[in-house]
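Colleague: For the sequence shown, my numbering begins at 3 and goes up steadily by one.
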Amino acid sequence: MTITGATRFVPLLAHPCRHVRTPPVFNAECARRGLDIAMVPLDVTPEMLPATVEALRHIGNLAGMVITIPHKNSAAALCDRLTGAARLLGVCNVVRREADGILTGAMFDGEGFVAGLRDRGHEPTGRRVLLVGAGGAASGLAHALASAGVAKLFITNRSPDKAEQLAEQLRAAFPQIEIRTGKADPKDFDLVINGTSLGMHEGDALPVDPDRLTPGTVVAEVVMQPDVTPLLAAAEARGCHIHKGIHMIEQQIRLLVDFVA
Ligand SMILES: NC(=O)c1ccc[n+]([C@@H]2O[C@H](COP(=O)([O-])OP(=O)(O)OC[C@H]3O[C@@H](n4cnc5c(N)ncnc54)[C@H](OP(=O)(O)O)[C@@H]3O)[C@@H](O)[C@H]2O)c1
Numbered sequence: 003m004t005i006t007g008a009t010r011f012v013p014l015l016a017h018p019c020r021h022v023r024t025p026p027v028f029n030a031e032c033a034r035r036g037l038d039i040a041m042v043p044l045d046v047t048p049e050m051l052p053a054t055v056e057a058l059r060h061i062g063n064l065a066g067m068v069i070t071i072p073h074k075n076s077a078a079a080l081c082d083r084l085t086g087a088a089r090l091l092g093v094c095n096v097v098r099r100e101a102d103g104i105l106t107g108a109m110f111d112g113e114g115f116v117a118g119l120r121d122r123g124h125e126p127t128g129r130r131v132l133l134v135g136a137g138g139a140a141s142g143l144a145h146a147l148a149s150a151g152v153a154k155l156f157i158t159n160r161s162p163d164k165a166e167q168l169a170e171q172l173r174a175a176f177p178q179i180e181i182r183t184g185k186a187d188p189k190d191f192d193l194v195i196n197g198t199s200l201g202m203h204e205g206d207a208l209p210v211d212p213d214r215l216t217p218g219t220v221v222a223e224v225v226m227q228p229d230v231t232p233l234l235a236a237a238e239a240r241g242c243h244i245h246k247g248i249h250m251i252e253q254q255i256r257l258l259v260d261f262v263a
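1) Considering only residues of the stretch 103-171, which uninterrupted alpha helix (DSSP H) runs meet the minimum length of 4 residues and lie entirely inside it, listed in chain order?
2) Going by C-alpha distance, which of Gln253, Val259 and Val225 is nearest Ile244?
3) Could you tell me the alpha carbon to alpha carbon distance between Lys246 and Glu252, rounded to whole angstroms?
4) What ranges does the beta strand (DSSP E) occupy inside the stretch 183-250, keeping only unbroken runs of at least 3 residues that lie completely in it?
5) I need the DSSP call for Gly86, collapsed to helix, strand or coil.
6) From which residue to which residue does the beta strand (DSSP E) around Arg98 run?
7) Considering just the uninterrupted stretch of the beta strand (DSSP E) at Leu37, what are its terminal residues?
8) Could you check what DSSP says for Arg59 in three-state terms: helix, strand or coil?
9) Quick test of your reading: Ala16 and Pro43, contact by CB under 8 Å. State the CB separation rounded to the nearest angstrom.
10) Taking DSSP as the reference, what is the three-state secondary structure of Pro72?
11) Consider the C-beta atom of Pro72 and the heavy atoms of ligand 1; say whether any pair is separated by less than 7 Å.
12) Classify Arg83 as buried or exposed, calling it buried when 16 or more other Cβ atoms lie within 10 Å of its own Cβ.
13) Among the residues of its own chain, which have a CB less than 7 Å from the CB of Lys185, if the five just before and after it don't count?
14) Measure the Cβ-Cβ separation of Cys32 and Val259 and say whether it is below 8 Å.
15) Considering only DSSP beta bridges, list what Arg10 is partnered with.
16) Nearest to Gly138 by alpha carbon, out of Phe110, Arg120, His124 and Asp187?
17) Quick one, are the C-beta atoms of Val220 and Leu193 less than 8 Å apart?
Here is the structure:
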């Protein structure tokens with residue numbers, strides 16, 4: 003693409019940012035649609051996030067911002083208004099700058115994840131789901147899975163209070179779904195999801211014990227780098243169906259571009 007004086011830009015706010023895979027996919031989608039919009043990654047420390055967002059809101063050719071680890075909760079608090087899942091959960095992964103500099107936040111991690119599952123033939127409706135994680139991405143996934151009508155949602159997280167807080171928010175919005183937290187045995191589920199950052203770094207612990215997975219279970223990832231995480235490799239060896247983190251961003255990109263364009 004050619005950057006001109008008319009190009010609008012969308013920074014991807016991350017810390018660190020070397021692992022991010024969104025910019026080439028986002029820029030390719032803008033180019034495919036003929037949109038003069040470009041994404042660049044910005045490595046922003048948590049301490050500098052408020053000052054960065056405040057400065058960016060005054061940039062006239064800023065279309066919006068895409069937000070990733072570790073900023074999804076704090077970025078939501080910096081928005082002037084939130085829509086949909088972002089409003090319920092207090093997390094956002096995309097911010098649109100309105101003409102007057104007002105910032106509107108939204109959350110598409112979950113919709114992208116569920117669309118990715120469906121695209122690969124894994125329908126979540128009616129399934130028993132184990133979700134590991136209760137951070138920004140996992141919260142979005144939990145909301146979208148509940149919206150898709152899973153039969154049971156079990157949330158387990160290193161910090162149990164965050165899992166319980168997320169479950170409380172969801173129980174109020176989806177009273178018909180069995181939503182529980184604590185420690186779970188992966189063998190009791192049809193769909194097991196790593197919604198944490200475990201697997202990004204060599205030596206990370208596995209989010210679940212693969213020996214407890216039932217062959218035929220769908221095991222899904224949010225981690226995109228590496229493409230096949232140690233969890234996915236172990237699950238495949240155990241006879242499970244695996245679903246990579248990249249499928250989530252592939253489906254989510256069009257939602258992010260729609261929102262900021
Ligand atoms: N595929 C995609 O399209 C896509 C989209 C968004 C994000 N992601 C990926 O999703 C991952 C999480 O991102 P996020 O924005 O949700 O981050 P986040 O808000 O910081 O949440 C991190 C989650 O991981 C857990 N965690 C971190 N280190 C852990 C450890 N050593 N042991 C156990 N649990 C640990 C945290 O548990 P605590 O609550 O206890 O801290 C929390 O549940 C990242 O790898 C990100 O790249 C992928």
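Note that beta-carbon positions come from the ideal geometry of N, C-alpha and C, so glycine has one too. Predicted model only: the values in this text are computed from it and were never measured.
Modeller: Quick look at the numbers:
1) 111-121 and 138-149
2) For the purposes of this step, residue 244 is taken as the residue at position 242 of the sequence shown. Nearest C-alpha to Ile244: Val225.
3) Here residue 246 corresponds to residue number 244 of the sequence shown, with the count starting at 1. Here residue 252 corresponds to residue number 250 of the sequence shown, with the count starting at 1. Their backbone Cα atoms lie some 11 Å apart in a straight line.
4) 193-196, 220-223 and 243-245
5) Along the sequence shown, read from residue 1 onward, the residue named residue 86 stands at position 84. Helix at Gly86.
6) For the purposes of this step, residue 98 is taken as residue 96 along the sequence shown, with counting starting at 1. Here the beta strand (DSSP E) through Arg98 covers Val96 to Arg99.
7) Locating residue 37 in the sequence shown gives position 35, where the first residue counts as 1. Careful: Leu37 lies outside any beta strand (DSSP E) and carries neither H nor E.
8) Numbered from its first residue, the sequence shown carries residue 59 at position 57. Of the three classes helix, strand and coil, the one that applies to Arg59 here is coil, per DSSP.
9) For the purposes of this step, residue 16 is taken as the residue at position 14 of the sequence shown. For the purposes of this step, residue 43 is taken as the residue at position 41 of the sequence shown. That belief holds up - the Cβ atoms of Ala16 and Pro43 are roughly 6 Å apart, short of 8 Å.
10) Within the sequence shown, residue 72 is the residue found at index 70, counting from 1. In this structure, Pro72 counts as coil in the three-state DSSP scheme.
11) Here residue 72 refers to the residue found at position 70 when the sequence shown is read from its first residue. Within the cutoff, so yes.
12) As a working note, residue 83 is residue 81 in the sequence shown. So Arg83 ends up on the exposed side.
13) Against the sequence shown, residue 185 aligns to sequence position 183. Once the five neighbours on either side are set aside, the close Cβ partners of Lys185 are Thr158.
14) Within the sequence shown, residue 32 is the residue found at index 30, counting from 1. Within the sequence shown, residue 259 is the residue found at index 257, counting from 1. The answer is yes: Cβ separation under 8 Å.
15) Counting from one through the sequence shown, the residue named residue 10 turns up at place 8. DSSP output for Arg10 lists Ile39 as bridge partner(s).
16) Looking up residue 138 in the sequence shown gives position 136. Of the candidates Phe110, Arg120, His124 and Asp187, the one whose C-alpha sits nearest the C-alpha of Gly138 is Phe110.
17) In the sequence shown, counting from the first residue as 1, residue 220 sits at position 218. In the sequence shown, counting from the first residue as 1, residue 193 sits at position 191. Cβ distance < 8 Å, so Val220 and Leu193 count as in contact.
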